[in-house]
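Chains as they are written, first to last, in my numbering: chain A, 57 to 153; chain B, 27 to 388. Report on one structure; see the data block that follows.
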Amino acid sequence: MVSLHSYPARSDGLVWRMVDGEVVILTTDGNEIHTLNRVGSAIWELSDGMKNLEEIASLICDRFEVSSEESYADVLEFAEELSLKNILQVKEGSSDD
Amino acid sequence: MIRSPPRLVEEVVNRYVERCIPYAVMFELTYECNLKCRHCYVTGDGGVELSSDEIKGILDQLAEMGAIFLAFTGGEIFTREDIFEIAWYAKRKGFLLTFMSNGTLITPETIREIKKLKPVKFEFSLYGARAETHDYITRVDGSFKRTIEAIRGLTGDGIEVTVKTILTNSNIREYNEMETLARELGIHPRMNPGLSPRRDGSSEPLQYDLSFEEMVEYLPEDDGDLMLGYLSEKKTSERFICKAGKAGCCISPSGIVYPCVMMPIPVGDLREKSFKEIWHTNPARELKRLRNLRSDDLTTCNTCDLAPYCIRCPGVVYLETGDLTGASSSACRYAEWRRYSGDQRDMVLQSTGSALLGQTVL
Ligand code: SF4
């Protein structure tokens with residue numbers, strides 16, 4: 057269950073590139089491809105397993121000048137959707153623990 | 027926030043093309059080769075090979091620019107002692123790797139290391155179904171045996187192994203045998219008549235090219251790969267302008283940037299300028315010209331009856347004529363064969379159809 061206290065981390069076994077501010081993600085066999093919009097790309101870059109979704113939401117809020125409600129909704133939707141696709145791993149503790 | 031529709035690859039590639047971001051890079055790591063293939067188009071540029079550190083620095087720049095697919099080619103890449111150091115570095119940088127090799131320097135240890143590294147694709151060059159044919163073309167005895175051993179060693183471990191065969195007048199009689207051999211090896215063969223002049227303009231390789239008569243006699247009419255252009259859904263205007271110089275580029279062993287392996291048009295030196303400067307900030311006049319090329323500029327090909335059957339490659343046109351806008355005599359011959367084969371096939375289908383109809387009526 058994803059919550060604001062979850063720590064998202066990009067899955068291993070993927071390659072990704074930032075192209076003009078938007079992330080392109082590919083599986084290592086090159087067979088599957090996804091793209092993220094600007095907000096998704098920023099969350100993706102911040103998903104290093106060290107920050108929880110609440111911290112990421114507050115950084116998103118500053119960067120894109122959106123309300124905190126909107127940024128909470130965005131990070132939760134992002135983490136749920138990408139973890140379902142196994143592109144993102146969501147843990148309850150940080151990768152440091 | 028995330029998009030993964032089925033045609034996304036095409037969309038992403040188009041985005042790379044529009045913004046001139048290198049999507050696929052061919053990195054020629056060396057011009058050294060232990061074989062001496064008769065038809066080879068490669069000629070050295072006299073430069074000093076990049077060191078491992080210089081290559082790593084270039085890979086950093088390419089990753090930063092957004093490049094995803096990286097093919098290592100040569101010469102023969104396994105003549106470089108630092109090949110795995112470079113390849114592991116590229117892998118860690120998140121490139122999807124392809125290795126292109128003749129396979130003859132691959133040892134059991136090399137195979138183990140390649141399997142650990144897991145490139146997405148490994149492409150071998152094979153020039154015949156029999157040792158005497160392949161070795162005649164490579165001019166090295168025993169090369170067929172070593173290549174086949176390497177192919178056997180690498181198949182079936184999650185790496186896509188392909189075999190590329192350039193069809194010439196020396197191996198065309200073995201077309202069917204090559205297909206059987208590929209099936210037996212468990213790989214997909216890619217065979218086509220793809221000879222071009224050498225990069226220095228020499229037409230020596232063309233003496234091995236297939237004549238129209240040889241195509242008619244030996245090439246199968248129902249081969250999807252060979253009929254590619256004829257069967258393609260894309261409009262000819264889209265097929266004739268390629269991604270070279272926009273989303274595709276080639277880097278030579280000494281760090282010279284070219285729009286494509288088949289276009290020896292130097293557009294910058296990575297020992298003097300960054301990739302970004304060469305590709306984006308300050309592109310050379312030739313690069314800009316290539317990027318501005320439109321299908322309307324291809325006056326001969328635009329009005330050609332054979333265009334729907336043709337897979338004109340701008341690089342081959344350049345090697346054959348020294349110009350990017352003309353026609354390619356080899357593509358014309360190949361297109362002629364496709365039209366002829368398509369007509370023949372249609373005639374067979376029609377006559378089979380009416381024969382079947384006759385039976386039904388009876
Ligand atoms: S067949 Fe020749 S002239 Fe016609 S489109 Fe192809 S290359 Fe151009």
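The beta carbon of each residue, even a glycine, is placed where N, CA and C say it ideally should be.
Contacts around residue i, its chain only, beta-carbon distance under 7 angstroms, and the 5 residues preceding and following it disregarded
{"i": "PHE266 of chain B", "result": "SER321, LEU324, CYS327 and ARG338"}
{"i": "LEU390 of chain B", "result": "A query on residue 390 of chain B cannot be resolved here, the shown segment of chain B reaching from 27 to 388 and no further."}
{"i": "GLY149 of chain A", "result": "TYR63"}
{"i": "ARG106 of chain B", "result": "LEU55 and THR56"}
{"i": "VAL242 of chain B", "result": "TRP363 and TYR366"}
{"i": "ARG172 of chain B", "result": "GLY129 and THR130"}
{"i": "ASP71 of chain B", "result": "SER278, SER280 and ILE282"}
{"i": "GLY294 of chain B", "result": "VAL283, ILE304 and ALA310"}
{"i": "SER300 of chain B", "result": "GLN87"}
{"i": "MET52 of chain B", "result": "ALA97, THR99, CYS276 and VAL287"}
{"i": "PHE134 of chain A", "result": "GLY96 and ILE99"}
{"i": "ASP226 of chain B", "result": "THR69"}
{"i": "GLY352 of chain B", "result": "THR326 and VAL343"}
{"i": "ARG359 of chain B", "result": "PHE238"}
{"i": "LYS117 of chain B", "result": "LEU123 and LEU143"}
{"i": "THR120 of chain A", "result": "Looking at the sequence shown, residue 120 of chain A is not Thr but Phe. The answer, listed in chain order, is VAL95."}
Cβ-based neighbour list, residue i, same chain, cut-off 6 angstroms, excluding 5 preceding and 5 following
{"i": "LEU296 of chain B", "result": "ILE84 and GLY281"}
{"i": "TYR201 of chain B", "result": "TYR244"}
{"i": "VAL187 of chain B", "result": "PHE148, LEU180, THR181 and ILE213"}
{"i": "TYR256 of chain B", "result": "Because the pLDDT of TYR256 of chain B is 49, which lies under 50, any placement of that residue in the model is unreliable, and the number read from its coordinates should be weighed accordingly. Excluding positions up to five away in sequence, the list reads TYR335, ARG364 and GLY368."}
{"i": "CYS117 of chain A", "result": "SER124 and SER127"}
{"i": "LEU383 of chain B", "result": "At LEU383 of chain B the pLDDT is 47, less than 50, meaning the model places this residue with poor confidence; the figure from the coordinates comes in the next sentence. None."}
{"i": "ILE177 of chain B", "result": "PHE150 and LEU211"}
{"i": "ALA361 of chain B", "result": "LEU332, TYR335 and CYS336"}
{"i": "LYS119 of chain B", "result": "LEU85 and ALA89"}
{"i": "CYS268 of chain B", "result": "PRO340"}
Own chain residues within Cβ distance below 8 angstroms of residue i, not counting five before or after
{"i": "SER30 of chain B", "result": "none"}
{"i": "MET204 of chain B", "result": "LEU152, GLY154, ALA155, THR191, ASN197, PRO215 and MET217"}
{"i": "GLY92 of chain B", "result": "TYR42, ILE47, PRO48 and TYR49"}
{"i": "ARG317 of chain B", "result": "CYS46, GLY271, LYS272 and PRO309"}
{"i": "THR124 of chain B", "result": "PHE95, LEU96, ALA97, PHE98, PRO145, VAL146, LYS147, PHE148 and GLU149"}
{"i": "ILE24 of chain A", "result": "Given a span of 57 to 153 for chain A in the structure shown, any question on residue 24 of chain A remains unanswerable."}
{"i": "LEU61 of chain B", "result": "GLU102, ASN128, THR130, THR164, ARG165, VAL166 and SER169"}
{"i": "LYS82 of chain B", "result": "ILE112 and TYR115"}
{"i": "GLU247 of chain B", "result": "MET253, SER367, GLY368, GLN370 and ARG371"}
{"i": "ALA208 of chain B", "result": "VAL189, HIS214 and PRO215"}
heavy atom of the ligand FAD below 6 angstroms from residue i C-beta
{"i": "SER354 of chain B", "result": "The ligand FAD is not part of this structure, which contains only the ligand SF4."}
Beta-ladder partner(s) of residue i, from DSSP
{"i": "PRO64 of chain A", "result": "A:VAL146"}
{"i": "VAL283 of chain B", "result": "B:ILE277 and B:GLY294"}
{"i": "ALA405 of chain B", "result": "What the structure shows of chain B is the stretch from 27 to 388, and residue 405 of chain B is not part of that stretch, so it cannot be assessed."}
{"i": "ILE28 of chain B", "result": "A:LEU92"}
{"i": "VAL270 of chain B", "result": "According to the sequence as given, residue 270 of chain B is Ala; it is not Val. DSSP, once it has assigned bridges, lists B:GLY274 as partnering ALA270 of chain B."}
{"i": "MET289 of chain B", "result": "B:CYS286"}
Beta-carbon neighbours of residue i, restricted to chain D and to distances below 7 angstroms
{"i": "VAL38 of chain B", "result": "Of the protein chains in this structure, namely A and B, none is chain D."}
Requested in this report: Determine contact between the segment 36-52 of chain B and the segment 268-285 of chain B, defined as no fewer than three beta-carbon pairs at a distance below 8 angstroms.
Outcome: yes
**Report entry** Residue ranges of each beta strand (DSSP E) within the segment 110-157 of chain B, 3 or longer
**Finding:** 122-127 and 147-151
Query raised in the report: Which residue spans inside the segment 71-139 of chain A form an unbroken beta strand (DSSP E) run of at least 3?
Result: 78-83 and 89-92
**Report entry** Entirely enclosed beta strand (DSSP E) segments - the segment 155-233 of chain B, minimum 3 residues
**Finding:** 186-192 and 214-218
Query - Three or more C-beta pairs below 8 angstroms linking the segment 131-144 of chain B and the segment 157-168 of chain B - result: no
Report task. Check whether the segment 118-125 of chain A touches the segment 72-79 of chain A, counting contact only when three or more Cβ pairs, one atom from each stretch, lie closer than 8 angstroms. Result -> no
Query raised in the report: Which parts of the segment 293-335 of chain B are runs of the alpha helix (DSSP H), unbroken and 4 residues or longer, counting only runs that do not cross its ends?
Result: 311-318 and 325-328
**Report entry** Cβ contact (3+ pairs, closer than 8 angstroms) linking the segment 91-111 of chain A and the segment 42-53 of chain B
**Finding:** no
Requested in this report: Counting only runs of 4+ residues fully inside the segment 66-94 of chain B, write out the alpha helix (DSSP H) ranges in chain order.
Outcome: 78-91
Requested in this report: Quick one: which unbroken alpha helix (DSSP H) runs of 4-plus residues sit fully inside the segment 337-365 of chain B? Chain order, please.
Outcome: 340-347
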